[in-house]
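Peer 1:
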Amino acid sequence: MRCILWLLLFASPLSAANLTLRFEPRWRDAALAVPSGELRTEGGQTLRLTRLAALVSGVALERADGSVVRLDGQYGFIDATDRRLTVTLRQVPRGEYTGIAFSLGLGPEENHGDPAHWPAGHPLNPLVNRLHWGWSGGYVFLALEGRWRAAEQDESGFSYHVATDAHRMTVRFQALFTVEGDTTADFSMDLARVLGARTFTRGAAESTHSAAGDATATEIATAMERAFFWLGVTPGPAQPETAEAAVAPSAFVVPAGFPQPALPADNPLTAAGIALGAELFRDKRLSGNGTQSCASCHDLKRAGSDTVALSRGADGHPGVRNAMPLFNLAWSTSGYAWDGSKARVRDQALAAMTNPIEMHADPARVVAALAGDVALTEKFRAVFGVGAGEPAITNGRLTLALEQYLLTLVSADAKFDRAVRGEAQFTAQEKRGFELFLTEYDPARGKRGADCFHCHGGALFTDFGVKSNGLDLVSKDAGRGGVTGRATDSGKFKTPSLRNVALTAPYMHDGRFATLADVVAHYDHGVQRSENLDANLAKHPAAGLALSAEDRSALVAFLETLTDRQFEVAQASRLPTK
Numbered sequence: 000m001r002c003i004l005w006l007l008l009f010a011s012p013l014s015a016a017n018l019t020l021r022f023e024p025r026w027r028d029a030a031l032a033v034p035s036g037e038l039r040t041e042g043g044q045t046l047r048l049t050r051l052a053a054l055v056s057g058v059a060l061e062r063a064d065g066s067v068v069r070l071d072g073q074y075g076f077i078d079a080t081d082r083r084l085t086v087t088l089r090q091v092p093r094g095e096y097t098g099i100a101f102s103l104g105l106g107p108e109e110n111h112g113d114p115a116h117w118p119a120g121h122p123l124n125p126l127v128n129r130l131h132w133g134w135s136g137g138y139v140f141l142a143l144e145g146r147w148r149a150a151e152q153d154e155s156g157f158s159y160h161v162a163t164d165a166h167r168m169t170v171r172f173q174a175l176f177t178v179e180g181d182t183t184a185d186f187s188m189d190l191a192r193v194l195g196a197r198t199f200t201r202g203a204a205e206s207t208h209s210a211a212g213d214a215t216a217t218e219i220a221t222a223m224e225r226a227f228f229w230l231g232v233t234p235g236p237a238q239p240e241t242a243e244a245a246v247a248p249s250a251f252v253v254p255a256g257f258p259q260p261a262l263p264a265d266n267p268l269t270a271a272g273i274a275l276g277a278e279l280f281r282d283k284r285l286s287g288n289g290t291q292s293c294a295s296c297h298d299l300k301r302a303g304s305d306t307v308a309l310s311r312g313a314d315g316h317p318g319v320r321n322a323m324p325l326f327n328l329a330w331s332t333s334g335y336a337w338d339g340s341k342a343r344v345r346d347q348a349l350a351a352m353t354n355p356i357e358m359h360a361d362p363a364r365v366v367a368a369l370a371g372d373v374a375l376t377e378k379f380r381a382v383f384g385v386g387a388g389e390p391a392i393t394n395g396r397l398t399l400a401l402e403q404y405l406l407t408l409v410s411a412d413a414k415f416d417r418a419v420r421g422e423a424q425f426t427a428q429e430k431r432g433f434e435l436f437l438t439e440y441d442p443a444r445g446k447r448g449a450d451c452f453h454c455h456g457g458a459l460f461t462d463f464g465v466k467s468n469g470l471d472l473v474s475k476d477a478g479r480g481g482v483t484g485r486a487t488d489s490g491k492f493k494t495p496s497l498r499n500v501a502l503t504a505p506y507m508h509d510g511r512f513a514t515l516a517d518v519v520a521h522y523d524h525g526v527q528r529s530e531n532l533d534a535n536l537a538k539h540p541a542a543g544l545a546l547s548a549e550d551r552s553a554l555v556a557f558l559e560t561l562t563d564r565q566f567e568v569a570q571a572s573r574l575p576t577k
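Sequential numbering from 0 applies to the sequence shown in numbering that gives the first Met the number 0.
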C-alpha cells in the first residue's frame with residue numbers, strides 16, 4: 000500500500016514537469032536553415048538541402064541508480080522547413096538524471112498500426128507529418144531531400160527516405176542534468192556527418208525507400224545516429240499546449256482510411272449551416288453584377304472544376320489561374336488557392352467574391368441584397384442564433400456558411416476505393432498503371448516506375464505539399480513565392496489531389512495540359528530542370544523516364560479509376576432547386 004501511495008504521489012502533477020527537446024540543424028560549425036544555400040561536401044561537390052523531417056519517439060531518461068524513466072506513448076515530429084524543431088514531453092518526473100535516449104522512428108506497433116485513428120493535430124496524423132507511406136503501410140522515419148551537383152554539371156536530386164522497423168535509429172547520451180521544473184534540452188544535428196562524406200553519382204541510386212537489402216538506407220540511418228550532439232539543458236517553460244482540434248460533428252463523416260481532419264473549432268458544422276452554404280454556393284447575388292455564382296466556375300459534375308484553362312469572371316475578364324476542384328478541402332494542410340495564400344476556406348471564399356477578375360463583388364452590397372430576402376434572412380437567424388434586433392446576414396456569417404458546405408464536399412468512393420474494399424477488380428491495364436504509380440524510378444536497383452506516389456500517395460492522393468514540378472525553367476507565375484517573398488518558393492504550387500482527375504481537365508495551375516496523356520508525357524520526358532524543381536523529380540535523368548507508350552496509357556487508365564461517380568450524385572441531392 001505504501002508503495003502504491005508513493006507511486007501515485009510521484010506521478011502527480013506537483014512532482015512532474017515538461018521536458019522540451021529542441022533540435023538545431025547544423026552543417027559542421029554553422030547553423031543550417033532548410034531550404035539551405037549551397038553546402039560543400041568533402042569531395043568538393045555542392046548540395047542544397049530542401050527537406051529534413053523525422054519522427055521522434057521512445058524517449059527514456061536514465062538515473063544514477065540504473066533505473067530508467069520511459070516516456071512511452073509520447074511522440075514528436077520535427078520539420079526543419081517549417082522550423083518545427085521541438086518536441087515537448089509531459090509528466091516528466093522531477094529529479095537528477097545521468098543520461099537520455101530517444102529514437103528517430105517508431106516501434107512496430109505504431110509503425111504498422113492504422114494511421115487514421117490518430118486525432119487531428121497529433122504528430123502521427125499523416126496530415127501533420129506527411130511521412131506515412133499510404134497503402135503500403137508504415138511511416139518514413141527520416142526524410143532527407145535536396146539537390147546536388149559536381150563541378151559545372153547541372154543539378155540532380157537526392158531523396159533519402161529511411162523507414163522500416165530495421166532502420167529505427169536510436170540516439171543516446173551520457174549526461175548529467177536536472178529537471179526541477181519545465182526544462183529544455185538542446186541538441187544539434189550535424190547534417191555534414193550524414194551527407195558531407197557522400198559522393199553523389201549520376202545514374203546511381205541517390206534515393207532510398209528502405210527496401211530489404213538497401214545499403215543506402217542503412218548507411219544514412221547509421222550516420223544519422225552519430226550526427227547528434229548534446230548541448231545541455233536550460234530551465235524554461237514548456238511549449239504552449241496545442242489547441243485541441245474540433246471533433247468531427249455528426250454532420251461530417253470521415254471515410255474509412257482517411258486521416259482525421261482538423262475542422263474549424265469556431266465554425267461547428269451543422270445540418271442547417273451546410274444547407275445554407277449549399278444555397279449560397281449557387282446564388283448569383285454573391286457577384287457584383289448578379290450574373291455569376293460560385294457554381295459558375297466550380298461545376299460539381301466535374302468535381303468542382305471548370306472546363307476551361309482560365310475561367311472568366313462576372314465582368315468577362317479571364318482569371319490568372321485554373322479553377323481548382325472543390326472536394327476533400329477539410330484535409331488541406333497547406334492553405335487554399337494554388338499558392339496556399341488563404342489559411343481558411345472562408346478566406347478563399349471571400350477572396351473569390353471580391354477579386355475584380357472573379358466575382359467582383361462589394362461585400363456590403365451583397366449583404367444588402369441578401370438582407371431583402373426574408374426567407375434567407377430567417378435561415379441565417381436559425382443557423383447562427385441571431386436575435387430579432389440584430390442584422391442576421393453579415394459578410395462573416397455568409398463566408399462561414401459557405402465554409403460549412405464546402406468542407407463537407409467529400410469524395411471517397413471511386414473504383415479504386417471499391418477495389419481496395421474487394422468490391423471491384425482492376426483490369427490488367429489498370430493494375431499495371433497502379434504498379435507504375437507506386438514504383439519509384441531507380442534503375443540502379445532495377446526499378447523503372449513512374450514515381451507518382453511521392454507527391455500523390457495515400458488515401459487523399461496528395462501530400463498537400465507546395466512544390467515546383469518543372470513546368471518552366473523560369474516560371475512566369477511566382478506561385479508560393481509571391482506569398483512568402485522567398486526566392487526558394489518561386490514557381491511552387493500546391494500539389495492537387497488526383498482523385499477525380501479524369502473530370503478536372505485542363506490541368507496544372509494555368510490549365511496548360513488538355514488531357515491526362517499530356518500530363519503523363521510531361522512527367523515522362525517534359526520536366527524542366529528549374530532552380531526550385533522538387534528533389535523527387537530532380538533525381539530523374541534529364542532525358543526523362545522513357546516509359547513505353549503502353550505504360551503511359553496504363554497510367555492514364557489507373558488515374559481514371561480515381562473518378563468518384565457518386566460524388567456528383569451525392570452533391571446534387573444536397574443542392575436546393577433554386
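We put the CB at the ideal spot given by N, CA and C, even for glycine. A quick note: this is a predicted structure, and the numbers were derived from the prediction, not measured.
Are the beta-carbon atoms of F76 and G104 separated by less than 8 Å?
Peer 2: What you label residue 76 is simply residue 77 of the sequence shown in a count that begins at 1. What you label residue 104 is simply residue 105 of the sequence shown in a count that begins at 1. For F76 and G104, no; Cβs fall outside 8 Å.
Peer 1: Which residue wins for smallest C-alpha separation from K581, given the options Y440, K414, W132?
Peer 2: The structure shown does not extend to residue 581, since the chain is modelled only from 0 to 577, so the question has no answer here.
Peer 1: Please name the residue in Q173, V465, G72, L275 whose C-alpha comes closest to that of L123.
Peer 2: Locating residue 123 in the sequence shown gives position 124, where the first residue counts as 1. Out of Q173, V465, G72, L275, G72 has the C-alpha closest to the C-alpha of L123.
Peer 1: Quick check on the DSSP output: the alpha helix (DSSP H) that includes F280 runs from which residue to which?
Peer 2: Here residue 280 corresponds to residue number 281 of the sequence shown, with the count starting at 1. 270-280 is the extent of the alpha helix (DSSP H) around F280.
Peer 1: State whether the segment 393-410 contacts the segment 324-331, with contact taken as three or more CB pairs (one from each stretch) at a distance under 8 Å.
Peer 2: As far as the Cβ criterion goes, the segment 393-410 touches the segment 324-331, which means the pair count is three or higher.
Peer 1: What are the residues that DSSP puts in a beta bridge with E23?
Peer 2: The residue labelled residue 23 in the question sits at position 24 within the sequence shown. In the DSSP output, where bridge partners are listed per residue, E23 has S187.
Peer 1: Tell me whether P114 is buried or exposed, calling it buried when 16 or more other Cβ atoms sit within 10 Å of its Cβ.
Peer 2: Within the sequence shown, the letter at position 115 stands for residue 114. Result: buried.
Peer 1: By the 10 Å Cβ neighbour count, where 16 or more other Cβ atoms means buried, how is K466 classified, buried or exposed?
Peer 2: Mapped onto the sequence shown, residue 466 falls at position 467. Label assigned to K466: buried.
Peer 1: Reducing DSSP to helix, strand and coil, say where P234 ends up.
Peer 2: Within the sequence shown, numbered from 1, the residue matching residue 234 stands at position 235. DSSP places P234 in strand when its eight states are reduced to three.
Peer 1: Between the C-alpha atoms of A553 and A368, what's the straight-line distance to the nearest angstrom?
Peer 2: The residue given as residue 553 occupies position 554 in the sequence shown. The residue given as residue 368 occupies position 369 in the sequence shown. For A553 and A368, the distance between alpha carbons rounds to 52 Å.
Peer 1: Skipping 5 residues on each side, what residues in its chain have a beta carbon closer than 7 Å to that of S340?
Peer 2: Position 341 of the sequence shown, counted from the first residue, corresponds to residue 340. Only G334, V482 meet the Cβ criterion.
Peer 1: Could you tell me if V568 is buried or exposed, where buried requires 16 or more neighbouring beta carbons within 10 angstroms of its beta carbon?
Peer 2: The residue you call residue 568 lines up with position 569 of the sequence shown. Exposed, since its Cβ has fewer than 16 Cβ neighbours within 10 Å.
Peer 1: Would you tell me roughly how many angstroms separate the C-alpha atoms of M358 and L268, rounded to the nearest one?
Peer 2: Working through the sequence shown from its first residue, we reach residue 358 at position 359. Working through the sequence shown from its first residue, we reach residue 268 at position 269. Between M358 and L268, the C-alpha separation is close to 26 Å.
Peer 1: Would you call K300 buried or exposed, if buried means 16 or more other Cβ atoms sit within 10 Å of its Cβ?
Peer 2: Here residue 300 refers to the residue found at position 301 of the sequence shown. Exposed.
Peer 1: For A15 and K493, what's the separation of their Cα atoms in angstroms?
Peer 2: On the sequence shown, residue 15 is found 16 positions in, with the first residue counted as 1. On the sequence shown, residue 493 is found 494 positions in, with the first residue counted as 1. Looking at the two C-alpha atoms, the distance is approximately 43 Å.
Peer 1: If I measure Cβ to Cβ from F228 and keep anything under 6 Å in the same chain, skipping five residues before and after, which residues do I get?
Peer 2: Looking up residue 228 in the sequence shown gives position 229. Excluding sequence neighbours, F228 sits near S187.
Peer 1: In this structure, does DSSP put T45 in helix, strand or coil?
Peer 2: The count along the sequence shown starts at 1 and reaches residue 45 at position 46. Strand at T45.
Peer 1: Roughly how many whole angstroms lie between the Cα atoms of A277 and G120?
Peer 2: Translated into the one-based positions of the sequence shown, residue 277 becomes position 278. Translated into the one-based positions of the sequence shown, residue 120 becomes position 121. Answer to the nearest angstrom: the Cα atoms are 28 Å apart.
Peer 1: From this set, D153, D533, M323, G287, which residue's C-alpha is nearest G315's C-alpha?
Peer 2: Against the sequence shown, residue 315 aligns to sequence position 316. If we check each option's Cα against that of G315, G287 comes out closest.
Peer 1: According to DSSP, simplified to helix, strand and coil, what is Q173?
Peer 2: Indexing the sequence shown from 1 puts residue 173 at position 174. Residue state, collapsed to three classes: strand.
Peer 1: Cα-Cα, which of R528, F257, D338 is closest to G469?
Peer 2: On the sequence shown, position 470 is the one that residue 469 refers to. Comparing Cα positions, the closest option is R528.
Peer 1: Have a look at the DSSP bridge pairing and note the partners of P92.
Peer 2: In the sequence shown, counting from the first residue as 1, residue 92 sits at position 93. Its beta-bridge partners are A15.
Peer 1: The beta strand (DSSP E) with R69 in it runs from where to where?
Peer 2: Here residue 69 refers to the residue found at position 70 of the sequence shown. From DSSP, the beta strand (DSSP E) with R69 extends over 67-69.
Peer 1: Here's a check: name, in chain order, each residue in its chain whose Cβ is nearer than 6 Å to the Cβ of L437, leaving out the five neighbours to either side.
Peer 2: Taking the first residue of the sequence shown as position 1, residue 437 is located at position 438. The answer, listed in chain order, is F452.
Peer 1: Taking just the CA atoms, how far does A216 sit from Y159?
Peer 2: Position 160 of the sequence shown, counted from the start, is the residue given in the question as residue 159. Position 217 of the sequence shown, counted from the start, is the residue given in the question as residue 216. Each residue's alpha carbon lies about 7 Å from the other.
Peer 1: Do the segment 22-40 and the segment 126-134 meet, that is, are 3 or more Cβ pairs less than 8 Å apart?
Peer 2: In short, these stretches do not touch, since the Cβ pair count stays below three.
Peer 1: Just the Cα atoms here: how many angstroms apart are G112 and F199?
Peer 2: Your numbering for residue 112 matches position 113 in the sequence shown. Your numbering for residue 199 matches position 200 in the sequence shown. The alpha-carbon atoms of G112 and F199 are separated by roughly 35 Å.
Peer 1: Using three-state DSSP, classify D523 as helix, strand or coil.
Peer 2: Residue mapping note: residue 523 aligns to position 524 of the sequence shown, counting from 1. D523 falls in the helix class under three-state DSSP.
Peer 1: Where DSSP assigns a beta bridge to Y597, which residues make up the other side?
Peer 2: Because the chain here runs from 0 to 577, residue 597 falls outside it and cannot be looked at.
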